[in-house]
Amino acid sequence: MTGAGQGIRVHHTDDAARSRVTVFFRFILVIPHLIWMLIWGIGIVVVLPVHWVIALVLGRSADWAHAFYTAYVRYVLHVYAYWYLATERYPGFVGDPGYVVDAEIPAPERQRRWTIALRLILAIPPFALSAALGNGFGWGGRSAENADTVASSFNLGLSFVIAVLAWFAALALARVPQGLRDAQVYCLGYATQVFGYFFLLTERYPTSDPNAVALSPMPDHPVRLTDGGERSRNRLLVLFRLPLAVPHFVWLVLWSIVAFVVAVAAWVVALVTGRVPDPLHRFLGAFIRYSAHVLSFVYVLGGPYPGFLGRAGSYPVDLEIDPPQPQPRLKTLFRIVLAVPAFLAGAGFSSVMLVAGIGAWWAGLVVGRIPEGLKGLLAWAIRYQAQVYGYFLLLTERYPYTGPDGRGRPEVSAPEAEPSAGAAPQAWQQAPEAP
Amino acid sequence: MALAGLAAVWLWAASRLWDTTVPTGLELPPLAADSVFDPAAVTKAEHYEALVRWLFIASQVGLLVVLAVYVRRGARFAKESAAGPIGTGFLIGMMGLALVWLAQLPFGIVELWWSRRHDVVEIGYAQYVVEDFLALGGEFVFVCVALLVTMVLARVLHSGWWLPATAVFVALAALFAFVAPYLTPGLEPPKDRVAADARKLARVEALPRVPVRVEEVREFTNAPNAYAFGLGDTRRVVLWDTLVDGGFSRPEIRSVIAHELGHHKHDHIAKQVGWFALLMLPASLAVAVATRRRGLADPAAVPVALFVVVVMSMLTAPLQTAASRRYEAEADWAALEATRDPRAMETLHRRFTEEGLADPDPPGWFALLFDTHPSALDRVAMARAWRERQ
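Here it is as structure tokens:
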């Protein structure tokens, strides 16, 4: 499979099969690579100022530097892909092309000098997103009153969580589930784009659009997200987004208390009858849909102010939820335990949503529209969270799908037009929530 | 006829709420600010408060202008809503307040600069803006609750919504007054000496045990302050740590505690709920009249409703502040009766003037319209009047 789009493109030829032995010893096996990566990395840091000055003078990176950094970026991708179980084959030590998960990096090309000069600053937002998609980020500080009190916080990175989950899954199944593998390829691919951009291998800004990476399509799932929204945003609504969402938070808390009680009832009934009754399914479905509406609004994925009832079709970013189906009683009995890995991955997605949401907020505020990449990434994250809660609250027995949608970017037949007052209303505008 | 009856009941209730226990005909001795307070402190306080006062006036004008424009344009936000009519009403109401916040922000920042320059507050600009911004969330919840009540009642009762809505708001205000102490975190018991004084004063004022608590505010401000809140069993007196640990003498702190207990002794919190009921009644009626064409069930009527509420609040401000000043005076009188220490009250208000930079004798028009407390000069005069009656 080959990635679509321009700039640095990541692709894979992995078949998901894994050897349990190499998976079990994966961290030990990768140690020589980590040592070599560290040594090589020292050289990368030392050469970087020279590389930057030459690129600034020439308006492009020098051939020798481009080759040096290309090999390193590719090598790091190979090592992490192996370490984080996105591949099975042991990688080489020189970053040669042709590995199972690999990057196509464009040849040296002219770059605008101001983007070279400001590359460090320009790379900060994608680095922040890459941290959320990678190993996470943390911070700490001392209390103002008491110097001995240290407060700290650490957010799990998606890639790291997926690697841990993939390790257990591969040991049990001798293969990595498609969703975990594809999510890992996406995360590593984004990091590769970011480092390639930072090391002046390309001028093209990293895109976080999951649709820009050709991956296996998501299998049918009873909980699906549809995003029919525009990218343009009302700046005032973006500016006040957080306080505007507070009434929704209050309502969500109240609703979640009732949803908890209903979920317990649904659990008991499903244990007895093997199926969640329709009214309970509808109630819990509305709750999860409402949560998705609110999350979409908070993280600027959705433009308009959402309603309070979670009605289907009432919001441009919506959930399609299939009717209740019979569920195996054993899976129902252990649902809380079974949901733990999904919640762990959900924590990784939360970090991603936070960073992507801040980016979308800034973009919405400054340019009045959100980038396609962040839109796709946020839709993926919110869809995953909805599937986690759909699984946890017994809407379905199908496990949440970790990977991106993978169906690729839809064909664009005409240039995107700015919305106008006379534009035809969208589905959600024709079916506003009542009351 | 019904409205006339309602007006008669209104006047009777207002007269009952207006009464206080401050002796009728109490003559306050005429005092000159410079003869009571340090003239330099008076000059400094006047200088400080002059700008604060004009910033306040300007922000009120800004508030009216923004809402007047919002009446014409606010309904446009409906197209940014995927919610039903009530949810859209929420959005329009919240955006109205958001724009008011935005318009008043420059005045707030100038006032912060001025206050920092005079060492009245210590918070930074970024902290001020961020905290004020986030506090909007709480205000938005209140607006949504108010709109939920009015819009639902307007859908059911049409133009007759205003009377039951007033009843609901009063019930909510009473409930909030009751639970407010539970919603205020971080209140700590005072040191033994203050606690002992509080117990003794509560006995003197014939109150059951009213807990006294200390709130830490030093991180944000140096100004000393205290307040009473709660109803019935939730009654509390709260002292800021800037007062308790701020170098005030024990008699001065006793005077403050006695004043706050005086509020509870005379049921001022309940009476304030009573005033809220009396003022809500004409305000609700005015909103109902102003929105009668569309009906308040229509979210497009929300900007008009907001504007009318703010105008009514401004029009009734002199009455509200006058009632508040009477209750403060009554609490002062109760404190003097409990402590029998007019000197402590005098020195206390001297220090408030010096440390809080409160103008001891503000212009009459401003005090009439906006001051909720008697001036420091009047409070010293009351202390002296009490002493003369002994």
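First to last, the protein sequences are chains A and B. Residues in the first sequence are numbered from 1274 upward in steps of one, following my numbering. Residues in the second sequence are numbered from 134 upward in steps of one, following my numbering. Ideal Cβ positions, reconstructed from N, Cα and C, are used throughout, including at glycine.
Proximity below 9 Å, CB of V435(B) to CB of L280(B)
Contact flag set, yes.
Using a Cβ cut-off of 8 Å, pull out every chain B residue sitting near Y1588(A), in sequence order please.
Within 8 Å Cβ-Cβ: A215.
Where R1386(A) and E1503(A) are concerned, what is the direct C-alpha to C-alpha distance, given to the nearest angstrom?
Answer to the nearest angstrom: the Cα atoms are 34 Å apart.
Are the CB atoms of V437(B) and V204(B) within a distance shorter than 9 Å?
Their beta carbons are under 9 Å apart, which means V204(B) touches V437(B) by this criterion.
In three-state terms, what does DSSP make of D465(B)?
It is helical.
Once the 5 residues before and after V406(B) are set aside, which same chain residues still bring their CB inside 6 Å of it?
Excluding sequence neighbours, V406(B) sits near A306, A307 and A310.
Please confirm if the segment 153–169 of chain B is in contact with the segment 462–469 of chain B, defined as three or more CB-CB distances below 8 Å between the two stretches.
Three or more beta-carbon pairs drawn from the segment 153–169 of chain B and the segment 462–469 of chain B are found closer than 8 Å, and the two stretches are therefore classed as touching.
For the pair the segment 349–369 of chain B and the segment 246–255 of chain B, tell me if three or more CB-CB distances fall below 8 Å.
Enough Cβ pairs lie closer than 8 Å, so yes.
So what does Y360(B) bridge to, in DSSP terms?
According to DSSP, which records beta bridges pairwise, Y360(B) is partnered with V371(B).
Provide the residue(s) that pair with E1503(A) in DSSP beta bridges, ordered along the chain.
As computed with DSSP, E1503(A) is found in no beta bridge at all.
Rounded to whole angstroms, what is the Cα-Cα separation between Y181(B) and F170(B)?
Here the C-alpha atom of Y181(B) lies approximately 16 Å from the C-alpha atom of F170(B).
Report yes if the C-beta distance between P1370(A) and R1347(A) is below 9 Å; otherwise report no.
R1347(A) sits close to P1370(A), with the two beta carbons spaced by under 9 Å.
How would you list, in chain order, the residues of chain B whose beta-carbon sits under 7 Å from the beta-carbon of V1523(A)?
By Cβ distance, chain B contributes V274.
Under the rule that 16 or more other beta-carbon atoms within 10 Å means buried, what is P475(B), buried or exposed?
Buried, because 16 or more other Cβ atoms sit within 10 Å of the Cβ of P475(B).
Suppose contacts are defined by Cβ-Cβ distances below 9 Å. Is A178(B) in contact with T486(B) by that definition?
Yes.
C-beta neighbour in chain E for L224(B), strict 9 Å:
Among the protein chains in the structure shown, which are A and B, there is no chain E.
CB contact below 9 Å: F1400(A) versus chain B:
False, the Cβ-Cβ gap to chain B never drops below 9 Å.
Assuming L1647(A) contacts A1659(A) (C-beta within less than 8 Å), just tell me the rounded distance between them.
Contact check for L1647(A) and A1659(A): beta-carbon distance about 18 Å, past the 8 Å limit, so the pair fails to qualify.
Nearest candidate by alpha-carbon position, reference A231(B), set D265(B), Y261(B) and S248(B):
Closest in C-alpha terms to A231(B), from the list D265(B), Y261(B) and S248(B), comes D265(B).
Interface residues of chain B around G1637(A) at Cβ under 8 Å?
In chain order: nothing, as chain B lies at least about 12 Å away.
Can you list the residues of chain B that G1580(A) reaches, using a CB-CB cut of under 7 Å?
Using a Cβ-Cβ cut-off of 7 Å, G1580(A) is close to A215, A216, G217 and G220 of chain B, given in chain order.
Classify G271(B) as buried or exposed, calling it buried when 16 or more other Cβ atoms lie within 10 Å of its own Cβ.
Per the 10 Å Cβ criterion, exposed.
Counting only the same chain and skipping the five closest in sequence on each side, list residues whose C-beta sits under 6 Å from that of V1571(A).
By the criterion of a C-beta distance shorter than 6 Å, V1571(A) is surrounded in its chain by A1518, once the five residues flanking it on both sides are discounted.
Counting only Cβ pairs nearer than 7 Å, list the residues of chain B close to F1560(A).
Under a criterion of Cβ atoms nearer than 7 Å, no residue of chain B is adjacent to F1560(A); the nearest Cβ is some 17 Å distant.
What residue range does the beta strand (DSSP E) around D1288(A) cover?
Neither: D1288(A) is in no beta strand (DSSP E) and is coded neither H nor E.
Going by CA-CA distance only, name the one from D1595(A), A1401(A) and G1580(A) that's closest to D1718(A).
Nothing can be reported for residue 1718(A), as the shown portion of chain A is limited to 1274 through 1708.
Close-in-space but distant-in-sequence residues of the same chain around A1417(A) (CB under 8 Å, 5 per side omitted)
In this prediction, A1417(A) scores a pLDDT of 49, lower than 50, which makes its location untrustworthy; no coordinate-derived value is stated.
Taking CB distances under 9 Å as the criterion, tell me whether A1518(A) reaches chain B.
With 9 Å as the cut-off, A1518(A) counts as an interface residue toward chain B.
Between the segment 305–317 of chain B and chain A, which residues of the former have CB atoms less than 8 Å from a CB of the latter, in chain order?
Flagged: no residues at all.
Helix, strand or coil, according to DSSP, for G1280(A) in the structure here?
Of the three classes helix, strand and coil, the one that applies to G1280(A) here is coil, per DSSP.
Are the beta-carbon atoms belonging to G193(B) and M447(B) less than 9 Å from one another?
Before going further, note that residue 193(B) is Gln rather than Gly in the sequence given. Taking 9 Å as the cut-off, the Cβ atoms of Q193(B) and M447(B) count as close.
Which whole-angstrom value describes the C-beta separation of F1665(A) and A1612(A), a residue pair presumed to lie in contact below a C-beta threshold of 8 Å?
The Cβ separation is near 5 Å, so the contact holds.
By the three-class DSSP mapping on this structure, what secondary structure does L316(B) have?
Three-state result, L316(B): helix.
Does any residue of chain B bring its CB to less than 9 Å from the CB of L1592(A)?
No, L1592(A) does not count as interfacial toward chain B.
Ignoring anything shorter than 4 residues or poking outside the segment 1566–1643 of chain A, list the alpha helix (DSSP H) runs there in chain order.
Complete alpha helix (DSSP H) runs here, min 4: 1602–1606 and 1608–1640.
Beta carbon proximity, L1568(A) to chain B, threshold 9 Å
L1568(A) does not count as touching chain B.
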